[in-house]
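Right, one structure below, let's go through it.
Protein chains: 2
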Amino acid sequence: MATLHHHPLCPHSRFIRLVLGELGLETDLIEENIWERSEQFLMLDPQGRTPVFVEDQIGAVPGASVIAEYLDETRGLALGDRRLLPDDPRGRVEVRRLMEWFNGKMYAEVTDYLVTEKVFKRLMSAQAGGGAPDTAAIRAGRSNIRFHLAYVGYLMRARNWLAGDRLSYADLAAAAQFSCADYLGDVPWQDNEAAKQWYARIKSRPSFRPLLNDRISGMIAADHYADLDF
Amino acid sequence: MATLHHHPLCPHSRFIRLVLGELGLETDLIEENIWERSEQFLMLDPQGRTPVFVEDQIGAVPGASVIAEYLDETRGLALGDRRLLPDDPRGRVEVRRLMEWFNGKMYAEVTDYLVTEKVFKRLMSAQAGGGAPDTAAIRAGRSNIRFHLAYVGYLMRARNWLAGDRLSYADLAAAAQFSCADYLGDVPWQDNEAAKQWYARIKSRPSFRPLLNDRISGMIAADHYADLDF
């Protein structure tokens with residue numbers, strides 16, 4: 009069976025867990041604390057980041073976008089209409105553009121701040137950078153998330169899913185980022201009804217269920233986190 | 009004819025210029041100062057970053073990795089043995105892993121510091137973030153580059169090119185990052201003979217020639233910048 013090295017509140021790991029769920033690919037999960045920089049994990053990914061996907065035929069596939077491309081190339085065609093990266097070049101450009109937007113830009117401006125300051129710094133040793141949260145960073149994340157929520161709302165006014173007619177990597181990447189902020193109670197859903205409706209649709213998919221069961225020790229999820237009606 | 013929106017010292021633009029050169033795809037170049045955030049350019053890429061590739065059949069293709077995937081999907085097969093993203097899944101994983109390493113990690117740790125502080129801040133208005141360079145950031149870039157130079161040397165001890173037997177996107181992404189630092193005289197080539205030999209091979213390719221002719225007004229290139237024997 010394939011293995012995914014992940015962390016429950018790493019948004020890029022969550023993205024790949026959603027992809028694996030949509031593919032129906034059962035995978036063993038191994039939790040990694042990347043700040044411990046274990047040699048064994050650095051052998052799988054010299055960058056030392058989660059997620060890393062491992063299966064017999066290929067060995068280690070490190071990094072969310074490399075894994076997403078690999079899974080599309082090896083399993084995408086079999087999905088037919090449900091393929092997560094469309095067949096046409098224009099559609100692929102748009103899905104990849106939005107994957108980068110959420111995995112890159114939203115992560116840097118929002119999720120990294122919130123998750124690192126509120127969760128990872130409590131788990132890290134002082135030597136690894138742990139300690140009290142930087143409240144300015146948390147404020148920046150909470151302020152920036154409004155922009156990304158508005159962008160989801162803007163896209164959803166003209167489209168059925170974020171990148172077009174069909175569910176794609178773009179939706180799963182975005183939902184993974186928002187889900188981490190949502191665990192922490194930092195998504196102002198009331199600000200944007202279209203974005204909220206989009207998230208409710210993703211949240212009710214079977215692939216999302218394992219994420220709703222995630223619990224981090226010492227960090228209680230926001231009240232509405234697992235509610236499908238929030 | 010296709011168009012590439014770029015900046016001469018944007019390493020991601022240079023990566024795509026090298027790719028287009030290897031593909032033999034003639035392209036009009038349009039220089040962009042992304043810090044001006046022109047509305048026209050933001051229509052091409054809402055993230056407002058260079059490079060953006062535009063051609064009739066597809067419209068705007070924004071971002072280096074999205075462009076690289078698009079060009080491989082639309083022109084890769086025609087290259088046969090000279091394809092820049094290999095045919096086999098394992099090879100593709102390794103090329104993409106290294107593309108991310110250089111376009112992402114090396115950029116964040118080295119090239120962004122050097123180019124932003126030494127070049128872009130001189131060109132930007134004070135309002136856009138321009139001003140005196142942050143010497144601590146430049147020092148960080150100069151210190152971190154030794155690690156990336158050593159990594160190139162490490163890979164080249166066991167391989168013919170960075171990702172394996174053949175020239176690939178990995179080499180072009182890495183060379184683009186190093187070439188920006190080299191323009192500024194910030195690559196300690198004497199530290200690593202294997203990395204220097206690798207760069208000399210890339211530098212002598214016809215696809216590299218236009219980069220060697222780049223000149224930024226008010227910022228003279230390092231003495232050896234255009235020398236094939238440096």
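Line order of the protein sequences matches chains V and S.
If you want this note's numbering, it's the 1-based position in the first sequence plus 8.
If you want this note's numbering, it's the 1-based position in the second sequence plus 8.
Cβ coordinates follow ideal geometry from the N, Cα and C atoms, glycine included.
With respect to chain S, the C-beta atom of V:R100 has a partner C-beta closer than 8 Å.
With the criterion set as a beta carbon lying under 8 Å from some beta carbon of chain S, the members of the stretch 97–125 of chain V are P97, R98, R100, V101, R104, R105, E108, W109, K113, in sequence order. Collapsing the DSSP output to three states places V:L33 in coil. Between S:L17 and S:Y191 the beta-carbon gap is near 7 Å, inside 8 Å, which marks them as a contact. In terms of Cβ geometry, V:L26 and V:A144 do not form a close pair [threshold 8 Å]. Look at S:F238 here: in three-state DSSP terms it is coil, with no helix or strand label.
Closer than 8 Å to the CB of S:Q55 there is at least one CB belonging to chain V. Across the structure, V:F61 and S:L180 are spaced so that their CA atoms are roughly 26 Å apart. Under the Cβ distance rule, V:G137 does not count among the residues neighbouring chain S, no pair being separated by less than 8 Å.
With respect to chain S, the C-beta atom of V:V62 has no partner C-beta closer than 8 Å. Leaving aside the five residues that flank V:K211 on each side, the residues in its chain whose CB is nearer than 7 Å to its CB run, in chain order, L236. For S:R217, the closest alpha carbon among the candidates S:G226, S:A203, S:P196, S:A234 is that of S:A234.
Using beta-carbon distances, S:E47 does not count as an interface residue toward chain V, since no partner is under 8 Å. In the three-state DSSP reduction, S:G161 falls in the helix class (H, G or I).
S:G71 has a beta carbon lying within less than 8 Å of a beta carbon in chain V. Residue-level contact by beta carbon holds for V:V74 and chain S, with a gap shorter than 8 Å.
Any Cβ of chain V closer than 8 Å to the Cβ of S:Y78 would place that residue at the interface, and such an atom is present.
Against chain S, the CB of V:I224 has no partner CB under 8 Å away; the residue lies outside that interface. Those residues of the stretch 132–161 of chain V placed with their C-beta closer than 9 Å to a C-beta in chain S are Y159, ordered along the chain. Straight across, the Cα-Cα distance linking V:H232 with V:F238 is about 6 Å. One finds nothing in chain V with a Cβ atom closer than 8 Å to the Cβ of S:I42; even the nearest lies about 14 Å away. Against chain S, a Cβ distance below 8 Å from V:E81 picks out P97, R100.
At least one CB atom of chain S sits nearer than 8 Å to the CB of V:I66.
Excluding five sequence positions before and after V:G29, the CB atoms of its chain that fall closer than 6 Å to its own CB belong to S215, given in chain order.
By the criterion of a C-beta distance shorter than 7 Å, S:W169 is surrounded in its chain by L175, S176, D179, once the five residues flanking it on both sides are discounted. The residue among S:D173, S:G137, S:F186, S:K126 with its C-alpha nearest the C-alpha of S:Y159 is S:F186.
Minimum Cα-Cα distance from V:S151 among the listed residues V:Q48, V:T82, V:A116 corresponds to V:A116. When Cβ pairs closer than 8 Å are counted between the two stretches, the stretch 81–100 of chain S is seen to touch the stretch 78–89 of chain V, the count reaching three or more.
In the DSSP annotation of this structure, S:F216 is not part of any alpha helix (DSSP H), being labelled neither H nor E. Take the alpha-carbon of S:G112 and the one of V:G112: they are about 10 Å apart. Collapsing the DSSP output to three states places V:V195 in coil.
In this structure, the beta-carbon distance from V:A68 to V:D53 falls below 8 Å. Cβ contact annotation for S:I146 (same chain, cutoff 7 Å, sequence separation greater than five): Y121, L122, E125, K126, in chain order. S:H20 is positioned such that its CB atom lies no closer than 8 Å to that of S:E40. Contact between S:E108 and V:G71 holds: their C-beta atoms lie close to 6 Å from each other, under 8 Å. Distance from S:R57 to S:I38 at the Cβ level is roughly 14 Å; contact not present, criterion being Cβ atoms closer than 8 Å.
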